[in-house]
Structures are given as structure tokens and as C-alpha cells.
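Following: one structure in C-alpha cells, then a few remarks.
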Amino acid sequence: MSLLVFMTVLFGQACTHPYFHPVDSEKTSAANNSGNGTTYDGKLTFLEFEADFKCENKIAAKSIITRENGVWTLLKNSPQKCAESVTVLNDVTYSGSSNFLNYNGINYALNLNPATANSLREFKVDPTASTNSLDSTPGDGVCADSSGKCSLQAAFDELNGVDLPAIINIPNGTYFLSSTLKIKIDSTVQIVGASSSNTILDGGSNTAILETAINSNNHPTRVIKGLNFSHAFSDASNASGGASAISVVGSVRITGCQFHNNTGFAPAVLAGVFSHDVIVEDSVFDQTQNVALLVHGSSLFSVLRSEFSGNATGLIVDNSTWNVTIKGSSFYNNTQGIIVWSCYSGCLIENTTVANNFIGIYISTVLNNDFYIRNTTVKGYNLSALTLRFDNSGSTGRLFLQNSILSNSLSGQHNCSFLGTTAAANLVAQNSIVDDTSCGTAGIQITDPLLQALALNGGTTHTMLPNSGSPAIDSGDNLICSAKDQRGAPRPVDKLGNGAICDIGAVEVQ
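The opening residue of the sequence shown carries number -13 in the numbering used here; numbering runs sequentially from there.
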């Protein structure tokens, strides 16, 4: 997979999928899809594409400038197929004072508000450099410490030297930090490691790793990819406003990262009160002493194809967060799996496995909003554990349990717990399996779902397959069943000879 950095310059009417991302990874912004046909709307976003991604026969945005390995490519101001976009530009210039890209006499305006600079900046860290050595002359565009090497700290010094978009590429290696790396600028930033297995930022159990300062913009895009954040530590001063591994402000996409054995008084990753759009995908959170991921007031939040295991708490969503989507993910062997204390709209857990946690899913509805758990498997580990807790105190919000499994024990009522005077009545179950009566009986089969042990059964996340003869097979409702299961396998599949009917739970027996 190669990394391409796209600057989107959109003219004319909106297009349906301007970024050509798969649906699960796509973030469509109304601001980025608008324009008056003659001027650019002032938005700039970095995006990542797979090298072999095919977008033929899909309509491009009206105008896109792409950049790969220092070469610019222009999609001209009309809808066209990607395969037709072959014009290669080598003479695009950037004006820091006027905020535009210029090509062939045409200015493409950018809303960057830089101080002074003449190009998009890219810094490649030298793994032989001393990790914490300072840049000799921050802001001069050259990443070099006193020995002339581009250290990790020097790259961040240059990043903050001028308020311009930047990319920091970090090769394989272990980088031991003595102080927290900071992002202070308002512009878009990418921090890219070679892989989450081999590019390791290590806090040495005494320092936080990465912090984004509150700034005037509050909505810059941060892309953090292919990094391992290990042994980060947050002291008591960070307990209410910081994190051990990453504390982020603005919009962030965390993709293909691992967060391992991070400790202290704060979450491993915090998207704070000024966060905007937060997307976590294809990442692993394990052995966190506190909360692995805390989202505190984002306008859009998604967890896609990620794993949370061995943490005190896997995920907490609170403080007026909107549009919460958790898909294709696994939460297992945590004390608490998923806690959603505040979701104002678009609230969904789908194709997700939650297993062997003391509390599996804790949902609290606010402002009378509904929450949906769909094609999800939740398994407890003993009689004192809860698979689902639902609290609608002060709200009439409903919780919909659709095509899902709750399993703990046939001998006791330990799946559901309710807080709030209407919570029990406002659990709406549809085509689900629960192995006791604690959740009620309407819309529920009270039976053992006959699940196999948690394992990697294809895909990248752990799942629990139904055994042969499981009542979950071919028992779902196709009208509320997603087209793919947690592993990305197709639904529905006919296993019993009665037609293609989707299975209940997170995985479809193929």
C-alpha cells in the first residue's frame, strides 16, 4: 500500500463520493463538497488511497489537485473518470502570502493562513539521530539537529516553525521520548510510520507521547498512521484534560496504529472538547491502565475494524458527542467494553463482537434519542458480569437490539440491567437471541446461541462463530441486516436451504 496525499480543490456542484473511499472509511463533508463554480471554497484535506484502488466509472469532483512523491496531477474542472486524469504537472507553485496554488496562470486558493513558506513541507526522520535532539533553526524548512540529522524532535520543531501543512515520515525503529511531542500549528498534518509493528514511539513509562495544542482554528485535520504508541504515561495533571499516548484537538483520522501498555491517570487517546471529526480505523488498543479511547464532544465519531483488549475500559463516549458509529470491531477481556454516555444522533453499534468483559455495553440515552445495536454479539464470562446496561434516566430514548446476541448464562438473569423508570420498557428487541429473560421476551428467542470460542475467524478482528445447529443461523431479518458481516464477508448466505437469510450476530456462517 502506498501513500498518496490529496489536496482537494472542489468547484461546482457536490459529488456523491468525492474521496473515492470505501463507504465505511468515507467522511463526506458538506463544506468540502460545495462551491459556486468559479471559486474554491477554502477547504484543504489530506487523504490516503490504496495504490490499487479502482475508481473508473466514478465521477470525480469538479477539480482535484493530487500530489504523489513531489509530482502534481490535475483533474480538470469537469466530471471525468480517474483513468482519464493523466495530466502531470511539475511546475505548480505555492504563494504563502496570497494563499494559493498556481498552475498555468490559474490560482487555486487555499485557506491555510501561513506565516511564510513556499511549499508543502515533508520531513523524513533519520532513525540514527538522537530522538530528542532539537532542531538547530526551527522554521527554516530544514529538519536538522546540531549534528545535521533529522531527529524526531527536530521534525516536530520544524512542523511548528511555520503554520503550513506538513508530513512527518517516521521509518522503522524504536524512538524513546524524554518529553512530549507537540503539534501547535493550525494546518493539516500527517504523521506516518512504516508500520505499527516496527515504528514504535515509546514513552519509557514516564512521559506522554503526542499532544495537539488548542489553537485558533480548532478544526485542522490530523492523520496518524502506521505507528505504535507504547509505555506512554500521563501524570495527575493530565487526568482531566490530557492523554498518555495522543491528546488531539481538531479532526483526526487514526489508522493502522497500535496503542500498547500505556499507563497513568488519563486515557491512552483523548479526543477532547474541541475535536471535530474523529475516525479510528484498523487499530489496536491493548493493556491500557485507564481508558483506551475517550471521545469527549466530537461532532462525528467512528470506530471501524479495530480491537480493544485487556484495557481497564475500552471506549468511552461522552459530553455531547454526535453521530457515533462503531462497526466491524472487537472489545474483549476488558473490565468494561463500550460505554456511551452521550450520543445525540446517528447512534449505532453494528457487526461488532463484545466478549469476556465485566460490563459489555453500557448505553445511556440523552435528549430522547434512540440508539441501535445491530448484528452484534455480546458474550459475558461469569454470572456476575453484565452483557448490556441501559440507562435512560431523564430521557425517553429507546435502545433497539436488532439481529443481535446477548449471552451469559441460562441459569441466571445476568444479561440486562436497567436504570431509569422507562429503560426496560424502551428496550426494543427485534429478531435477537438472549439466553435468559432479563431483557424481556418480546422480539427475543430465549435460548443458548451455541457460540464457538473467541478466535480469529477471518478478517482482522476476533469473532465468535455460531456452532452447527445454532439458532442464530438463517434467523435474522434481512431488512435490518447489513450487506457484510464483521469480517467483511457477504450477507446473507443460505445455509439451511430456506433461501438467503442473514444470521443473527456479528458473523455470517459462509
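Idealized CB from N, CA, C, for every residue including glycine.
A straight-line Cα-Cα distance of about 26 Å links F386 and D480.
Here the segment 462 to 476 lies against the segment 439 to 448, with 3 or more beta-carbon pairs under 8 Å apart.
For G147, the enclosing alpha helix (DSSP H) begins and ends at 138 to 147.
Counting along the chain, no beta strand (DSSP E) covers E494, and no H or E run does either. Between G383 and N355, the CB-CB gap stays under 9 Å. V414 is bridged by DSSP to F386.
For V128, no beta strand (DSSP E) run applies, since DSSP gives it neither H nor E. Short of 6 Å from the beta carbon of P157, and not among the five residues preceding or following it, lie these beta carbons of its own chain, in chain order: P113, A180.
The beta carbon of A141 sits closer than 6 Å to those of F109, V111, C129, I154, all from its chain and outside the five residues before and after it, given in chain order. Per the DSSP secondary-structure output, K135 pairs with nothing in a beta bridge.
Per DSSP, the unbroken beta strand (DSSP E) holding I391 starts and ends at 391 to 393.
If you draw a 10 Å sphere on the C-beta of S456, you find 16 or more other C-beta atoms in it, and that means buried. Sequence-distant Cβ neighbours of S165 in its own chain, meaning closer than 7 Å and more than five residues away, are N118, T193. With a contact defined as Cβ atoms closer than 8 Å, G323 and G300 qualify at about 5 Å. For K365, the uninterrupted beta strand (DSSP E) segment begins and ends at 363 to 365. Using a 10 angstroms sphere on the CB of A254, the tally of other CB atoms reaches 16 or more, which defines it as buried. For the pair A229 and S220, the Cα-to-Cα distance works out to about 6 Å. Between G366 and C402, the C-beta spacing is not below 9 Å. Taking every protein chain shown into account, the CB of A411 has fewer than 16 other CB atoms within 10 angstroms, so this residue is exposed. Pairing F317 with T123, the inter-Cα distance amounts to about 45 Å.
Taking each of L436, N343, T408 in turn and checking the Cα distance to H400, the smallest one comes out for N343. From the listed residues R375, I325, T241, the smallest Cα separation to V266 is found for T241.
Annotation: the continuous beta strand (DSSP E) that includes A278 extends over 277 to 282.
Note that the C-beta distance between N417 and I335 is not below 9 Å. Per DSSP, reduced to three states, the secondary structure at A298 is coil, with no helix or strand assignment.
Per DSSP, the beta bridge partners of I324 are L301, I347. Residue range 357 to 360 is occupied by the beta strand (DSSP E) that includes I359.
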